[in-house]
Amino acid sequence: MKKTSTIFLLLLCMGCAQTASTSQEPAASESAAQTTMPATSVPARSSDPEMDRFITDLMAKMSLDEKIGQLNLVSVGFDVTGPIVSENVDENIKRGNVGGVFNTYTPIAVRKLQELAVNSSRHKIPLIFGYDVIHGHRTIFPIPLGLSASWDLQAIERSARIAAEEATADGLNWVFSPMVDIARDARWGRIAEGAGEDPFLGSRIAEAMVQGYQLDNMKDPNTVMACVKHFALYGAAEAGRDYGTVDMSMQRMFNEFMPPYKAALDAGAGSVMTSFNEINGVPATGNRWLMTELLREQWGFDGFVVTDYTAINEMIAHGVGNESEVAALALKAGVDMDMVGELFLKELKANVERGTVTEEEINTACRRVLEAKYKLGLFEDPFRYINEERGKTAMLTKEHREAAREIARKSMVLLKNDKNTLPLKSSGSIALIGPLARNQRDLIGNWSGAGDWKQAVSVEQGIRNVMGNKVKINYAKGANLTDDAQMIRRLNAHGGELELDKRSSEAMIKEAVQAARNSDVIVAVVGESQGMSGEAASRADIGLPGQQLVLLKALKQTGKPLVIVLMNGRPLTLPWEHENANAILETWFAGTEAGNAIADVLFGSYNPSGKLTVTFPRHVGQVPIFYNAKNTGRPFNGEELNKYTSRYMDVPNEPLYPFGHGLSYTSFTYSKPKLSKASMTAGESLEVSVEVRNTGNYDGEEVVQLYVQDVVGSITRPVKELKGFQKIMLKKGESRTVTFKLTADDLKFYNNQMEYVYEPGEFKVYVGTSSSELQEAGFRLN
Ligand code: BGC
10 MKKTSTIFLL
20 LLCMGCAQTA
30 STSQEPAASE
40 SAAQTTMPAT
50 SVPARSSDPE
60 MDRFITDLMA
70 KMSLDEKIGQ
80 LNLVSVGFDV
90 TGPIVSENVD
100 ENIKRGNVGG
110 VFNTYTPIAV
120 RKLQELAVNS
130 SRHKIPLIFG
140 YDVIHGHRTI
150 FPIPLGLSAS
160 WDLQAIERSA
170 RIAAEEATAD
180 GLNWVFSPMV
190 DIARDARWGR
200 IAEGAGEDPF
210 LGSRIAEAMV
220 QGYQLDNMKD
230 PNTVMACVKH
240 FALYGAAEAG
250 RDYGTVDMSM
260 QRMFNEFMPP
270 YKAALDAGAG
280 SVMTSFNEIN
290 GVPATGNRWL
300 MTELLREQWG
310 FDGFVVTDYT
320 AINEMIAHGV
330 GNESEVAALA
340 LKAGVDMDMV
350 GELFLKELKA
360 NVERGTVTEE
370 EINTACRRVL
380 EAKYKLGLFE
390 DPFRYINEER
400 GKTAMLTKEH
410 REAAREIARK
420 SMVLLKNDKN
430 TLPLKSSGSI
440 ALIGPLARNQ
450 RDLIGNWSGA
460 GDWKQAVSVE
470 QGIRNVMGNK
480 VKINYAKGAN
490 LTDDAQMIRR
500 LNAHGGELEL
510 DKRSSEAMIK
520 EAVQAARNSD
530 VIVAVVGESQ
540 GMSGEAASRA
550 DIGLPGQQLV
560 LLKALKQTGK
570 PLVIVLMNGR
580 PLTLPWEHEN
590 ANAILETWFA
600 GTEAGNAIAD
610 VLFGSYNPSG
620 KLTVTFPRHV
630 GQVPIFYNAK
640 NTGRPFNGEE
650 LNKYTSRYMD
660 VPNEPLYPFG
670 HGLSYTSFTY
680 SKPKLSKASM
690 TAGESLEVSV
700 EVRNTGNYDG
710 EEVVQLYVQD
720 VVGSITRPVK
730 ELKGFQKIML
740 KKGESRTVTF
750 KLTADDLKFY
760 NNQMEYVYEP
770 GEFKVYVGTS
780 SSELQEAGFR
790 LN
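As structure tokens, this is what we get:
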């Protein structure tokens, strides 16, 4: 007996319809076919009749040009985040040709543009002000991949809350976050911006961020509207190259990639950003199945959709039409706002005149944009987010910095710690080596928005702050971050600020080795520069760049204990480092308070508790590698000479560090999981409990992880899937019973007919400290 959601039967039909039409017709006729489809009208239909009335009245006075103007989002001000920038912005605002602005902040700059809109445009419609507030605004938190490694939803929500407080104090009311793209390919630079590879954890984090940004009231001048991105599947680019093609089965799409978008929308996110990739052969930005049938008709989303940067124009290169056709395609797909490309502005009116777009379709998009402004309270007071006083007092406060330090500590993952090398002793001498040891620029990461790297605490400074004169620091840079002239040029062209030491690498290494010889322990702070991950920053070789590995090998030769502190925006391949270092601490790019937080962890005033949310491969050739994979018909069974099994000839199948891995200065033991019953029927619930004991010498936090495997399915099922986690604090010697509840709903998936079902049968339950250290139990679903 299967439970079927009728909604998803519908979904199947729509998915099929689209696939059929795209496979049978050439691209050009696809766009032609779409332009003749009936428009989805969004008349006043919200649960707020006052808003509906207000907007209906306003729109009755607006010309077609003015309505199209509301659909135009321009970039001007302090940041350039895409290939072109907007021109004639002041003039366009006065003419009513602009609905929103991004990359402008500070109360003064925002006020100037808002005044233009409300004093000089015909209908005095306020502008919406957006920005890429990704992991903090002025106070910068760890990059999102690092935040996710905290597995601490309250901490993550708090980081979004503080970001919203600072962003609104800078005149902003809309943030291009959360980025919820599931990513399994470490080559893709934007893996840094998301919550990793798992849809369950990614969904919980998406909800926490939306809540932190919006609270339950978008009119509050301390809240911002969230924008969920990049809808959809942007993290699945082929070969990990940014902006690349995406192609996957509907089952993978809905079981593994869609959940976080849906979770963010169910949490109330007010807007959605399209992605650059195609889905089922149709670019997301022109994909009516995605933006209307799925997003609005099935998921019930009632906010507005903005494109990614010039994504409408880019559909020309995708090969689905010319300027006029792609503008029509996007509008008809359900896009409401055109980011920077200005093709709506340029082409929609002519499309209406030709009859390829209806005025009704433009009304629909315009209404949605105006509704967003209404929900933000901008019609009541266009200046409600502009408060010069808050602009001066709300930024980088002591409280925000303390939170940044606390959250940064929680994000760090202890990958290895042989014989308790860490924490370090609070006396003696340290050879502090590496291109990131004194660095400030890279600590705030790549999407650091309005963050000022000069405010960031370096590792060297952090150690001094925490330890004072108790430890002696012998510093040497040891190596540049990279020696690749082409990469250096590219990084510096986009704000890399890469500081290069002109000495030969031999001379730098010699100095570092000398510093190591004079010290009790080596702390090597190595990794990537911030610009090596993030947008348009894919790498094919994901090892430590430049001469850094050569440096580490030379340091190892000294025989001194070697602690590696990593900074990076993606999983790196670290086989030598794992074999040879005594301890490895992954710190990502930990933000404004990075150095203090790292020192807290190194010297033991904080016991690390982070766990990986992405798999670290041994070798780039294993990519994509992720824990919730499917089994093969010929799984490798450890038999060395059995040829016909699924494995590599040259590297093991297993990753270097699995999803969920992360050590602590203390140790935890787990009892076998106990189930409250051996079988359950739908409608019932089952409890899984496990006793966790802190058996080491420190108080510490542990992320207790619960995975489930559906042993036999109508389609093949992953070897395990995360279904729950709890982060608990245990004092040394303390133990606690941790209980998880499972219901049949937790066991649902999309089957081959795209029905969302659970299937009776045998299930395995695994509980433990990482996805590869688990104890097993089982039950039946009747
Ligand atoms: C990125 C988005 C970002 C937008 C605006 C695009 O290039 O893909 O993530 O929000 O620019 O800066």
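When you read off a place in the sequence shown, starting at 1, and then add 9, the result is the number in the working numbering. All residues carry an ideal CB built from backbone N, CA and C; glycine is no exception. All figures in this text were calculated on a predicted structure; none of them were measured in a lab.
Helix, strand or coil at residue i [DSSP, three-state]
{"i": "residue 480", "result": "strand"}
{"i": "residue 160", "result": "coil"}
{"i": "residue 33", "result": "Bear in mind that a pLDDT of 29 at residue 33, under 50, signals an unreliable position, so the number given afterwards is only what the model happens to contain. Here residue 33 sits in helix by DSSP."}
{"i": "residue 65", "result": "helix"}
{"i": "residue 301", "result": "helix"}
{"i": "residue 777", "result": "strand"}
{"i": "residue 409", "result": "helix"}
{"i": "residue 735", "result": "strand"}
{"i": "residue 540", "result": "helix"}
{"i": "residue 239", "result": "strand"}
{"i": "residue 227", "result": "coil"}
{"i": "residue 614", "result": "coil"}
{"i": "residue 38", "result": "Residue placement at residue 38 cannot be trusted, given a pLDDT of 32 that sits under 50; the coordinates are not used to answer."}
{"i": "residue 422", "result": "strand"}
{"i": "residue 140", "result": "strand"}
{"i": "residue 748", "result": "strand"}
{"i": "residue 438", "result": "strand"}
Expected contact under 8 angstroms - CB spacing of residue i and residue j to nearest Å
{"i": "residue 180", "j": "residue 138", "result": "6 angstroms"}
{"i": "residue 312", "j": "residue 281", "result": "7 angstroms"}
{"i": "residue 241", "j": "residue 200", "result": "That pair is no contact at about 16 angstroms."}
{"i": "residue 622", "j": "residue 157", "result": "4 angstroms"}
{"i": "residue 345", "j": "residue 366", "result": "Rounded, the Cβ-Cβ distance is 13 angstroms, inconsistent with contact."}
CB contact flag (residue i, residue j, <8 angstroms)
{"i": "residue 559", "j": "residue 607", "result": "no"}
{"i": "residue 414", "j": "residue 166", "result": "no"}
{"i": "residue 321", "j": "residue 352", "result": "yes"}
{"i": "residue 731", "j": "residue 88", "result": "no"}
{"i": "residue 318", "j": "residue 291", "result": "no"}
{"i": "residue 671", "j": "residue 736", "result": "no"}
{"i": "residue 521", "j": "residue 571", "result": "no"}
{"i": "residue 386", "j": "residue 455", "result": "no"}
{"i": "residue 580", "j": "residue 626", "result": "yes"}
{"i": "residue 728", "j": "residue 638", "result": "yes"}
{"i": "residue 135", "j": "residue 434", "result": "no"}
{"i": "residue 400", "j": "residue 704", "result": "no"}
{"i": "residue 483", "j": "residue 441", "result": "yes"}
{"i": "residue 636", "j": "residue 598", "result": "no"}
{"i": "residue 171", "j": "residue 600", "result": "no"}
Residue i Cβ short of 7 angstroms to the ligand BGC heavy atom set
{"i": "residue 91", "result": "yes"}
{"i": "residue 602", "result": "no"}
{"i": "residue 345", "result": "no"}
{"i": "residue 179", "result": "no"}
{"i": "residue 677", "result": "no"}
{"i": "residue 544", "result": "yes"}
{"i": "residue 318", "result": "yes"}
{"i": "residue 141", "result": "yes"}
{"i": "residue 239", "result": "yes"}
{"i": "residue 185", "result": "yes"}
{"i": "residue 282", "result": "yes"}
Distance cut-off 7 angstroms: residue i Cβ against heavy atoms of the ligand ATP
{"i": "residue 672", "result": "As far as ligands go, the structure on display features the ligand BGC and does not contain the ligand ATP."}
Within-8 angstroms CB hit, residue i to chain B
{"i": "residue 760", "result": "Absent here is chain B; the protein component of the structure consists of one chain."}
* Give, in chain order, every unbroken run of the alpha helix (DSSP H) that is at least 4 residues long and sits entirely within the stretch 263-292. => Here the runs fully enclosed are 268-275.
* Can you check the stretch 183-216 for any beta strand (DSSP E) of at least 3 residues that lies completely inside it and give the ranges in chain order? => None, since the stretch 183-216 contains no complete beta strand (DSSP E) of that length.
* Asked: Which runs of the alpha helix (DSSP H) fall wholly inside the stretch 546-575 and span at least 4 residues, in chain order?
  -> Here the runs fully enclosed are 557-566.
* Where are the beta strand (DSSP E) runs, 3 residues long or more, that stay fully inside the stretch 49-137, in chain order? -> Secondary structure remark: continuous beta strand (DSSP E) runs of at least 3 residues inside the stretch 49-137, in chain order: 81-84 and 109-111.
* Asked: Considering only residues of the stretch 446-495, which uninterrupted beta strand (DSSP E) runs meet the minimum length of 3 residues and lie entirely inside it, listed in chain order?
  -> With a minimum length of 3 residues, the continuous beta strand (DSSP E) runs that stay inside the stretch 446-495 are 480-485.
* Can you list the beta strand (DSSP E) stretches of 3 or more residues lying completely in the stretch 580-609, in chain order? -> Segments of the beta strand (DSSP E) lying fully in the stretch 580-609: 592-595.
* **beta strand (DSSP E) segments (min. 3 residues) lying fully within the stretch 304-371** => Runs of the beta strand (DSSP E) inside the stretch 304-371: 313-315.
* Just list the alpha helix (DSSP H) runs in the stretch 647-733, keeping only unbroken ones of 4 residues or longer that don't cross its boundaries, in chain order. => As far as the stretch 647-733 is concerned, it has no whole alpha helix (DSSP H) run of at least 4 residues.
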